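Same order as they appear, the protein sequences are chains A and B.
Numbering-wise, our numbering puts 298 at position 276 of the first sequence, and it's gapless, one number per residue.
Numbering-wise, our numbering puts 210 at position 188 of the second sequence, and it's gapless, one number per residue.
Each residue gets a CB set at the ideal place from its N, CA and C atoms; glycine is no exception.
From a predicted model like this one, the values you see are computed outputs, not experimental measurements.
The next block holds one structure in the form of structure tokens; read it before the comments.
2 protein chains.
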Amino acid sequence: MSQIELVSEFKCFEGRQAHYKHQSKHLNCSMRFGIFLPPQAEVARVPVLYWLSGLTCTDENFVQKAGAQRMAAELGVAIVTPDTSPRGENVADDPNYDLGQGAGFYLNATQEPWKAHYRMYDYVVEELPELIEAEFKVNKKRSVCGHSMGGMGALVVALRNTHRYQAVSAFSPIVNPTQVPWGDKAFSHYLGDDKSLWRLQDPCELLSWADASQPLPMLIEQGSDDQFLKEQLKTDAIALAAQKKGYPITINYRSGYDHSYFFIASFIDSHLKFHAEHLY
Amino acid sequence: MSQIELVSEFKCFEGRQAHYKHQSKHLNCSMRFGIFLPPQAEVARVPVLYWLSGLTCTDENFVQKAGAQRMAAELGVAIVTPDTSPRGENVADDPNYDLGQGAGFYLNATQEPWKAHYRMYDYVVEELPELIEAEFKVNKKRSVCGHSMGGMGALVVALRNTHRYQAVSAFSPIVNPTQVPWGDKAFSHYLGDDKSLWRLQDPCELLSWADASQPLPMLIEQGSDDQFLKEQLKTDAIALAAQKKGYPITINYRSGYDHSYFFIASFIDSHLKFHAEHLY
Chain A
23 MSQIELVSEF KCFEGRQAHY KHQSKHLNCS MRFGIFLPPQ AEVARVPVLY
73 WLSGLTCTDE NFVQKAGAQR MAAELGVAIV TPDTSPRGEN VADDPNYDLG
123 QGAGFYLNAT QEPWKAHYRM YDYVVEELPE LIEAEFKVNK KRSVCGHSMG
173 GMGALVVALR NTHRYQAVSA FSPIVNPTQV PWGDKAFSHY LGDDKSLWRL
223 QDPCELLSWA DASQPLPMLI EQGSDDQFLK EQLKTDAIAL AAQKKGYPIT
273 INYRSGYDHS YFFIASFIDS HLKFHAEHLY
Chain B
23 MSQIELVSEF KCFEGRQAHY KHQSKHLNCS MRFGIFLPPQ AEVARVPVLY
73 WLSGLTCTDE NFVQKAGAQR MAAELGVAIV TPDTSPRGEN VADDPNYDLG
123 QGAGFYLNAT QEPWKAHYRM YDYVVEELPE LIEAEFKVNK KRSVCGHSMG
173 GMGALVVALR NTHRYQAVSA FSPIVNPTQV PWGDKAFSHY LGDDKSLWRL
223 QDPCELLSWA DASQPLPMLI EQGSDDQFLK EQLKTDAIAL AAQKKGYPIT
273 INYRSGYDHS YFFIASFIDS HLKFHAEHLY
């Protein structure tokens, strides 16, 4: 019996853009996700790119604004877009945009009142791929990409699970969350005082422990006019961490671009091609 | 002195996606519009495609959801996206989605309480192009495209002003509004009982009077699974009208596609190429 329920469905670039809901065992609530299935999925199992969105987003922003379906249809890559946190009346929340619902930070919370539902790390790494691979015509080749908080999430889940992903990329990621206000606030609330847990959510820290002899293909896109670059994103930190470690990483700084979906749309094709190279 | 005020601006595909507001003399209220300027506009005046949106839309829907900027940047075409009606507290409105604000139907209202502001026809045909051509690095080559109510608007303004446009296209247009519930309701309220005014807003009627020896290039895209096709759009009516008249028109029925922006996104590239062929 299917564990998922169709919410909406649209034909799109000869493929299918759908949204589903399901009961998540790790998050302990009903969750929605989007999936784009390229036309190739009608005849063969296709690989999957997981897209992790940023603060305040849902499963819909990327689907509606990034314009990714065109190239995904051409390359034969499915795209799965989870929500950014557990949701619902019984789920802990906060009035600020950078904590609580819409701000799950792709981690497993250890603190009250968050730990009952906020387990986005387990959801994204284990539960969701298991579900997707059981329910859709996809294979087990996976890669991950994300934006801002989701760029951080993509780098974290990939660096901690290099065997599970073929490649990772990020737009405007929070690369060093233990050192910036967004990360400091979120980790204090979700993870408490144990800084060893914080470091497991920090791409720069994870990179310093990574095996540079077996690097995961890694691509970062960063707008030079991003309003969050200096205070929250600090892209140079991961360039430095990679250099210290001898870990190969491509970072493209894009002159004049900001933090918006117009930036993502402008460069999503090149990221999809990067992922497809490693997924096929 | 500039007549427009910048609201927002984003770099996008090496061009610029901006929104402006201005005081409209025809609509007698403050109006917003979007404009995408391709990178070519930095060095030369470029032609302009006007996009007319459907019911409930603003100047933003197409900009965020259609994914048109990529191809427009490649082809060197600017895209201007007006709002779908006059707006504001002092502007007449109706609680239903298909009348009042968000439902201007691209006509000049003659009836109370609408006639003080609802003059979208004059706004789209005269005021807006005049403003755009004064304020931006564009030339006087224009074409027009739209969706649903805006597909009707595109066909109407083009067929009534063939000298002003190089080409026209439409997604899921209301081709015969005098014969369907949306048109009947809107025209009754905005135009009253004078059916001669109704006919001036009906693409099928206009086509029957058109000069088939000097046809305007015309392209229509219609999803076969569009939920409004049978009751409101009736695309076959314009195919028949064109056939009767010997007026060349390309109508593409697309199997499985619906009325959504996922349909528009799937085929917007081919429409942009069609317009660029006639704009350059």
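Minimum Cβ-Cβ distance from ALA287/A to chain B less than 8 angstroms: Yes, because at least one Cβ of chain B sits closer than 8 angstroms to the Cβ of ALA287/A.
Measure the C-alpha to C-alpha separation of LYS33/B and ASP233/B and round it to an integer number of angstroms. Between LYS33/B and ASP233/B, the C-alpha separation is close to 42 angstroms.
Unbroken beta strand (DSSP E) run spanning TYR72/A, endpoints: Element bounds for TYR72/A: 68-74.
Could you tell me if LEU28/B is buried or exposed, where buried requires 16 or more neighbouring beta carbons within 10 angstroms of its beta carbon? With fewer than 16 Cβ atoms within 10 Å of its Cβ, LEU28/B is classed as exposed.
Within 10 angstroms of its Cβ, does LYS295/A collect 16 or more other Cβ (buried), or is it exposed? Looking at its Cβ environment, which holds fewer than 16 other Cβ atoms inside 10 Å, LYS295/A is exposed.
Below 7 angstroms CB to CB, which residues in the same chain sit around TYR269/A once its five sequence neighbours on both sides are set aside? Excluding positions up to five away in sequence, the list reads LEU229, ALA232, ALA234 and PRO237.
CB contact below 8 angstroms: LYS33/A versus chain E: Reference to chain E is not applicable here, since the protein chains of this structure are A and B.
Taking a Cβ distance cut-off of 7 angstroms, strictly less, list which residues of the region 70-89 of chain B are near chain A, in chain order. Of all residues in the region 70-89 of chain B, GLN86, LYS87 and GLY89 have a Cβ within less than 7 angstroms of some Cβ in chain A.
With a Cβ-Cβ cutoff of 8 angstroms, do HIS41/B and SER165/B count as a contact? No, these two residues do not count as a Cβ contact at 8 angstroms.
Spatial distance of LEU241/A from LYS266/B (CA atoms): Computed Cα separation, rounded: 57 angstroms.
Would you check if the distance between the CB atom of ILE196/B and the CB atom of GLN254/B is smaller than 8 angstroms? Taking 8 angstroms as the cut-off, the beta carbon of ILE196/B is found closer than this to the beta carbon of GLN254/B.
Residue-level contact to chain B via CB, SER170/A, 8 angstroms cutoff: Among the CB atoms of chain B, none fall inside 8 angstroms of the CB of SER170/A.
Which parts of the region 161-186 of chain B are runs of the beta strand (DSSP E), unbroken and 3 residues or longer, counting only runs that do not cross its ends? Taking only runs of at least 3 residues, no beta strand (DSSP E) segment lies wholly in the region 161-186 of chain B.
Return the CA-CA distance between GLU227/B and PHE209/B, expressed in angstroms with no decimal places. Their Cα atoms are separated by approximately 15 angstroms.
With H, G and I counted as helix, E and B as strand and the rest as coil, what does DSSP make of ARG109/B? ARG109/B falls in the coil class under three-state DSSP.
Taking all protein chains shown into account, decide if LYS252/A is buried (16 or more other Cβ within 10 angstroms of its Cβ) or exposed. Answer is exposed; the Cβ neighbour count stays below 16.
Using a beta-carbon distance below 8 angstroms, is ARG92/A in contact with chain B? Cβ-Cβ to chain B under 8 angstroms: yes for ARG92/A.
Sorted by chain position, which residues of the same chain lie with C-beta nearer than 7 angstroms to GLU149/A's C-beta, five sequence neighbours on each side aside? The beta carbon of GLU149/A sits closer than 7 angstroms to the beta carbons of SER46, LYS47 and HIS48 from its chain, once the five residues preceding and following it are set aside; these are given in chain order.
Taking its Cβ as the centre, do 16 or more other Cβ atoms sit within 10 Å of ALA125/A, making it buried, or is it exposed? Under this definition ALA125/A is a buried residue.
Neighbour-count burial assignment, THR132/B, 16 or more Cβ in a 10 Å radius: With fewer than 16 Cβ atoms within 10 Å of its Cβ, THR132/B is classed as exposed.
Judging by CA-CA distance, which residue of ALA156/B, ALA287/B and TYR302/B is the nearest neighbour of ALA95/A? That would be ALA287/B, whose Cα lies nearest to the Cα of ALA95/A.
Kindly say whether GLN39/A, judged by its beta-carbon, lies nearer than 8 angstroms to any beta-carbon of chain B. Closer than 8 angstroms to some Cβ of chain B, the Cβ of GLN39/A qualifies, so yes.
For a test of the three-state rule: what should DSSP assign to HIS211/B, helix, strand or coil? Under the three-state reduction of DSSP, HIS211/B is assigned to helix.
Report the option in GLN223/B, ILE271/B, HIS297/B and VAL99/B whose CA atom is closest to the CA atom of LEU129/B. Cα-wise, what sits closest to LEU129/B is GLN223/B.
With 8 angstroms as the C-beta to C-beta threshold (strictly closer), list the residues of the region 130-148 of chain A near chain B in chain order. Residues passing the 8 angstroms Cβ filter: none.
Please decide whether SER282/A counts as near chain B, where near means a Cβ-Cβ distance under 8 angstroms. For SER282/A, the closest Cβ of chain B is nearer than 8 angstroms.
Going by C-alpha distance, which of TRP220/B, PRO225/B and LYS163/B is nearest GLY173/B? Nearest C-alpha to GLY173/B: PRO225/B.
Cβ contact check for the region 68-75 of chain B and the region 96-105 of chain B: 3 or more pairs under 8 angstroms: At 8 angstroms Cβ cutoff, the stretches touch.
Can you list the residues of chain B that GLY278/A reaches, using a CB-CB cut of under 8 angstroms? For GLY278/A, the chain B residues whose C-beta falls within less than 8 angstroms of its own C-beta are LYS33, listed in chain order.
Buried/exposed call for LYS256/A, threshold 16 Cβ in 10 Å: Under this definition LYS256/A is a buried residue.
Helix, strand or coil: how does DSSP classify LYS47/A here? In this structure, LYS47/A counts as coil in the three-state DSSP scheme.
DSSP on THR200/B, reduced to helix/strand/coil? Looking at THR200/B - three-state DSSP - the assignment turns out to be helix.
Just the Cα atoms here: how many angstroms apart are TRP136/B and TYR212/B? Rounded to the nearest whole angstrom, the CA to CA distance from TRP136/B to TYR212/B is 6 angstroms.
Opposing strand residues paired with MET240/A [DSSP bridges]: DSSP lists VAL190/A as the beta-bridge partner residues of MET240/A.
Compute the Euclidean distance between the alpha carbons of GLN123/A and PHE55/A, then round it to the nearest angstrom. Rounded to the nearest angstrom, the two C-alpha atoms are 15 angstroms apart.
Whole angstroms is fine: what's the gap from VAL160/A's alpha carbon to GLN62/A's? In this structure, the straight-line span from the alpha carbon of VAL160/A to that of GLN62/A is close to 10 angstroms.
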